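S.K.:
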Amino acid sequence: MLKEEIDSLAPGRDFNRRGFVQTAVGSGFAAAVLPVTAQTLVTDTTGLEAGTVTIPVGDFKMPAYRAQPAGGKNLPVILVASEIFGVHEHIADVCRRLAKQGYLAIAPELFVRHGDAGAYTDIPKLISEVVSKASDAQVHGDLDATVAWAAANGGDTARLGITGFCWGGRASWSYAAHNSKLAAAVAWYGPVARNYFAGDQTVIERAARIKAPVLALYGAADSGIPVETLTRLEAALKAAGNTKCEFVVYPDTPHAFHADYRPSYRKAAAEDGWARCLAWFKKHGV
Numbered sequence: 001m002l003k004e005e006i007d008s009l010a011p012g013r014d015f016n017r018r019g020f021v022q023t024a025v026g027s028g029f030a031a032a033v034l035p036v037t038a039q040t041l042v043t044d045t046t047g048l049e050a051g052t053v054t055i056p057v058g059d060f061k062m063p064a065y066r067a068q069p070a071g072g073k074n075l076p077v078i079l080v081a082s083e084i085f086g087v088h089e090h091i092a093d094v095c096r097r098l099a100k101q102g103y104l105a106i107a108p109e110l111f112v113r114h115g116d117a118g119a120y121t122d123i124p125k126l127i128s129e130v131v132s133k134a135s136d137a138q139v140h141g142d143l144d145a146t147v148a149w150a151a152a153n154g155g156d157t158a159r160l161g162i163t164g165f166c167w168g169g170r171a172s173w174s175y176a177a178h179n180s181k182l183a184a185a186v187a188w189y190g191p192v193a194r195n196y197f198a199g200d201q202t203v204i205e206r207a208a209r210i211k212a213p214v215l216a217l218y219g220a221a222d223s224g225i226p227v228e229t230l231t232r233l234e235a236a237l238k239a240a241g242n243t244k245c246e247f248v249v250y251p252d253t254p255h256a257f258h259a260d261y262r263p264s265y266r267k268a269a270a271e272d273g274w275a276r277c278l279a280w281f282k283k284h285g286v
């Protein structure tokens with residue numbers, strides 16, 4: 001069980017009219033996160049092409065949520081890796097926010113082979129039955145297929161970035177170790193000293209293979225990701241010659257501080273992190 005996820009979903013705020021269970025990729029919210037909070041942000045689709053697409057991964061058809069400027073061509077590409085709850089409304093909204101900035105943003109359903117992450121209400125069960133079955137090898141292959149799809153559908157994958165949250169933050173780190181052509185990554189509060197899939201290396205253990213610049217955004221009060229583990233990762237990266245990564249740790253800030261639909265949301269840290277995220281991608285040519 002991930003204590004930081006349990007803590008970040010503590011009750012205490014109101015339902016709002018968008019508090020419904022996800023029925024399709026990028027629609028609704030995962031059952032485990034209901035009720036959503038009144039501050040939930042909603043980005044419209046004006047000027048965008050947005051919705052579900054299907055990505056071939058060998059013989060498998062993987063659903064994904066994609067948003068991009070309408071009619072755009074040769075667009076920079078940002079992969080969006082979800083939390084443990086899959087591609088629900090918040091992750092789709094992140095894609096739309098990025099599309100409003102000129103990106104082809106795409107969030108593949110990386111758990112779909114193993115079950116419907118959005119349907120679970122019990123987080124430990126969700127992790128044991130779905131999340132823990134998604135190996136890094138599978139995730140990297142799915143992300144590679146997503147990059148190939150983007151290249152064939154209006155994306156300029158020479159300008160490729162990835163960002164992700166919690167589980168997806170860790171996936172952003174691991175994909176940076178996997179894909180040497182990645183231009184930049186932004187990892188939001190992803191664990192670096194432990195795994196979800198048995199047998200995978202931790203981010204710290206694969207630090208020497210991370211060559212891309214990674215912006216790391218974390219909360220000092222995250223109960224499941226000790227700041228000490230970030231210090232160890234930063235040291236391992238520098239020892240391997242990667243001095244391009246930057247760590248930002250917000251004081252008195254919990255896990256999932258960017259998740260505006262949850263009680264863990266911290267507006268100041270979330271807005272600062274988002275501004276840093278966009279600036280990071282621009283700085284590194286994405």
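Numbering (UniProt numbering), first residue to last: 1 to 286. Backbone N, C-alpha and C fix where the C-beta goes; we use that ideal spot for every residue, glycine too. In this text, all values refer to a predicted model and were calculated from it rather than measured experimentally.
#1: Whole angstroms are fine: how far does the CA of E246 sit from the CA of G273?
#2: Using 10 angstroms around the beta-carbon of G47, count the other beta-carbons present and answer buried if the total reaches 16, otherwise exposed.
#3: Looking only at its own chain, which residues have a Cβ that is under 6 Å from the Cβ of D93, when we skip the five neighbours before and after it?
#4: Report the CB separation of V87 from G155 in whole angstroms; it is logged as a contact under 8 Å.
#5: Measure how close the beta-carbons of D136 and D200 come, nearest whole angstrom, since I'm counting them as under 8 Å.
#6: With a threshold of 8 Å, are at least 3 pairs of Cβ atoms found where one atom belongs to the stretch 188-204 and the other to the stretch 230-237?
#7: Any idea what DSSP makes of A156, helix, strand or coil?
#8: Express the C-alpha separation of L98 and I106 in angstroms, rounding to a whole number.
#9: To the nearest angstrom, how far is the alpha carbon of D252 from that of V112?
#10: So if DSSP puts T52 in a beta bridge, which residue, or which two residues, is it bridged to?
#11: Using a threshold of 8 Å, state whether the C-beta atoms of V80 and L160 are closer than that.
#12: So, using beta-carbon positions, are G224 and G190 closer together than 8 Å?
#13: Note down, in chain order, each residue of its chain lying with its Cβ closer than 6 Å to the Cβ of R66, except the 5 sequence neighbours on either side.
#14: Return the first residue and the last residue of the beta strand (DSSP E) that E246 is part of.
#15: Hey, could you find the ends of the alpha helix (DSSP H) G215 is sitting in?
#16: Give me whichever residues DSSP pairs with R76 in a beta bridge.
#17: Grouping DSSP H, G and I as helix and E and B as strand, with all else coil, what is L104?
#18: Closer than 6 Å by C-beta to H90: which residues in its own chain qualify, once you throw out the five before and the five after it? Chain order, please.
#19: At which residues does the beta strand (DSSP E) containing V186 begin and terminate?
#20: Tell me which same chain residues have a C-beta within less than 7 Å of the C-beta of E109, skipping the five on either side of it?
#21: Find out if the Cβ-Cβ distance for the pair T40, R96 is shorter than 8 Å.
M.R.: According to the structure data:
#1: Position 273 of the sequence shown, counted from the first residue, corresponds to residue 273. Position 246 of the sequence shown, counted from the first residue, corresponds to residue 246. The straight-line gap from Cα to Cα measures roughly 12 Å.
#2: Taking the sequence shown and counting its residues from 1, the one referred to as residue 47 is at position 47. When all chains shown are included, G47 counts as exposed.
#3: Position 93 of the sequence shown, counted from the start, is the residue given in the question as residue 93. T43, listed in sequence order.
#4: Working through the sequence shown from its first residue, we reach residue 87 at position 87. Working through the sequence shown from its first residue, we reach residue 155 at position 155. At roughly 18 Å, the Cβ-Cβ gap does not stay under 8 Å, so V87 and G155 are not in contact.
#5: Mapped onto the sequence shown, residue 136 falls at position 136. Mapped onto the sequence shown, residue 200 falls at position 200. About 5 Å; that satisfies the 8 Å criterion.
#6: yes
#7: For the purposes of this step, residue 156 is taken as the residue at position 156 of the sequence shown. The question names Ala, but residue 156 in the sequence shown is Asp. Note: D156 maps to strand in three-state DSSP.
#8: As a first step, residue 106 must be located in the sequence shown, where it is residue number 106. As a first step, residue 98 must be located in the sequence shown, where it is residue number 98. Spanning the two alpha carbons is a distance of roughly 9 Å.
#9: Sequence index remark: in the sequence shown, residue 252 carries index 252 (1-based). Sequence index remark: in the sequence shown, residue 112 carries index 112 (1-based). For D252 and V112, the distance between alpha carbons rounds to 35 Å.
#10: Against the sequence shown, residue 52 aligns to sequence position 52. In the DSSP output, where bridge partners are listed per residue, T52 has Y65.
#11: To locate residue 80, count along the sequence shown from 1; it is residue 80. To locate residue 160, count along the sequence shown from 1; it is residue 160. For V80 and L160, no; Cβs fall outside 8 Å.
#12: Here the question's residue 224 lines up with position 224 in the sequence shown. Here the question's residue 190 lines up with position 190 in the sequence shown. Not a contact, by the Cβ cut-off of 8 Å.
#13: Stepping through the sequence shown from its first residue, residue 66 is reached at position 66. V53 and I106, listed in sequence order.
#14: Position 246 of the sequence shown, counted from the first residue, corresponds to residue 246. Start and end: E246 to Y250.
#15: Sequence index remark: in the sequence shown, residue 215 carries index 215 (1-based). Note on residue identity: the sequence assigns Leu, not Gly, to residue 215. It is not in any alpha helix (DSSP H) - L215 instead sits in the beta strand (DSSP E) that spans V214 to G219.
#16: Residue mapping note: residue 76 aligns to position 76 of the sequence shown, counting from 1. Note on identity: in this sequence residue 76 is Pro, with Arg being the wrong assignment. DSSP output for P76 lists D156 as bridge partner(s).
#17: Residue mapping note: residue 104 aligns to position 104 of the sequence shown, counting from 1. The answer is strand: DSSP assigns L104 an E or B state.
#18: Mapped onto the sequence shown, residue 90 falls at position 90. Excluding residues within five positions, the ones whose Cβ falls inside 6 Å are Y261.
#19: Numbered from 1 along the sequence shown, position 186 holds the residue referred to as residue 186. A184 to W188 is the extent of the beta strand (DSSP E) around V186.
#20: Locating residue 109 in the sequence shown gives position 109, counting from the first residue. Same-chain partners within the cutoff: V25, M62, P63, A64, G86 and V87.
#21: If you number the sequence shown from 1, residue 40 lands on position 40. If you number the sequence shown from 1, residue 96 lands on position 96. Their beta carbons are not under 8 Å apart, which means T40 does not touch R96 by this criterion.
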